[in-house]
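Q:
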Amino acid sequence: MPIERRPLREQIRDELLRKLDRGDFAAGTDINEVALASELGVSRTPLREALITLAGEGVLESNQGRGFRFAPVSRKEFRELCEIVGALESLALQLSDAGYLRRLGPKLLRLARDFPDQVAEQQEIERHDDEWHDLLLSGCPNERLLDLITSVKAGMRRYAHLQAGDDAPLEREAAEHCRIAEALVEGDLPAATAALRDNWVNGMERMMSRLTE
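Residue numbers (full-length UniProt numbering): 1 to 213.
#1: Classify M208: buried if its beta carbon has 16 or more other beta carbons within 10 angstroms, exposed otherwise.
#2: Bridge partners for L60 per DSSP, in chain order?
#3: Examine the Cβ distances between the segment 132-150 and the segment 87-94 and report whether three or more of them are shorter than 8 Å.
#4: Closer than 8 Å by C-beta to C178: which residues in its own chain qualify, once you throw out the five before and the five after it? Chain order, please.
#5: Taking T45 as the reference, give the member of D21, L20 and E10 with the closest Cα.
#6: Just the Cα atoms here: how many angstroms apart are P106 and H128?
#7: Taking the alpha helix (DSSP H) that T29 belongs to, which residues open and close that run?
#8: Should A168 go down as buried or exposed, given a rule of 16 or more other Cβ atoms within 10 Å for buried?
#9: Is S151 helix, strand or coil by DSSP?
#10: Rounded to whole angstroms, what is the Cα-Cα separation between L189 and R102?
#11: Helix or strand or just coil, what does DSSP make of D188?
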């Protein structure tokens with residue numbers, strides 16, 4: 001793993017999330033800290049710090065004092081996480097400067113229209129949606145709120161590969177992002193916020209159809 005000029009525990013956390021995104025780990029999998037430290041080329045101390053951070057984000061859970069494992073998944077938890085992120089992103093949007101959002105609207109609309117496919121590969125959907133939502137919230141001045149959104153989203157990552165790999169075609173609704181952007185172009189923040197909540201609710205229902213109890 002390449003070493004960067006930032007805390008090693010953060011680099012390890014990010015690398016574990018990338019592995020999770022690629023489907024290298026399954027929900028409920030126990031973590032062998034010795035083997036994982038060797039694989040990453042790091043000592044167990046920063047690895048454990050990263051694992052503790054991920055446990056706090058809900059990605060991992062403590063395995064009865066015997067270490068960590070990737071948290072199991074459930075329809076109930078996924079619904080709750082989507083409801084939380086939808087509410088937090090809506091708040092971040094409401095806290096953003098209205099003028100900034102109106103100027104940002106055309107770019108968001110263009111990006112949404114540039115990716116119109118209703119069916120696309122999962123990895124491509126995730127990348128595009130993450131970039132789009134990050135841009136949408138880029139005017140929020142509350143950094144703690146943005147950090148909280150990032151943390152809760154991290155807890156949702158283990159759901160990404162439950163039923164399909166990165167190259168599996170999945171359903172999406174491109175028009176939902178267009179409706180949010182169109183409302184911002186019109187200067188209608190309440191409509192944009194409502195459309196953002198709808199986007200999360202509808203996305204949740206699409207994923208819920210893939211989950212098993």
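We put the beta carbon where it would ideally sit given N, CA and C, even for glycine.
A: Let me spell this out:
#1: As a first step, residue 208 must be located in the sequence shown, where it is residue number 208. Exposed is the call here.
#2: The count along the sequence shown starts at 1 and reaches residue 60 at position 60. DSSP lists F70 as the bridge partner or partners of L60.
#3: yes
#4: As a working mapping, residue 178 is identified with position 178 in the sequence shown. Only L109, A112 and R113 meet the Cβ criterion.
#5: Mapped onto the sequence shown, residue 45 falls at position 45. Residue E10 is the option with its Cα nearest to T45.
#6: To locate residue 106, count along the sequence shown from 1; it is residue 106. To locate residue 128, count along the sequence shown from 1; it is residue 128. Distance between the alpha carbons of P106 and H128 is about 17 Å.
#7: For this step, residue 29 is matched to residue 29 along the sequence shown. No alpha helix (DSSP H) contains T29, which DSSP labels as neither H nor E.
#8: Taking the sequence shown and counting its residues from 1, the one referred to as residue 168 is at position 168. With a pLDDT of only 49 at A168, under the threshold of 50, the placement of this residue in the model should not be trusted; the figure read from the coordinates follows. A168 should be labelled exposed.
#9: Taking the first residue of the sequence shown as position 1, residue 151 is located at position 151. Looking at S151 - three-state DSSP - the assignment turns out to be helix.
#10: Against the sequence shown, residue 189 aligns to sequence position 189. Against the sequence shown, residue 102 aligns to sequence position 102. Roughly 9 Å between the two C-alpha positions.
#11: Position 188 of the sequence shown, counting from 1, holds the residue named residue 188. Residue state, collapsed to three classes: coil.
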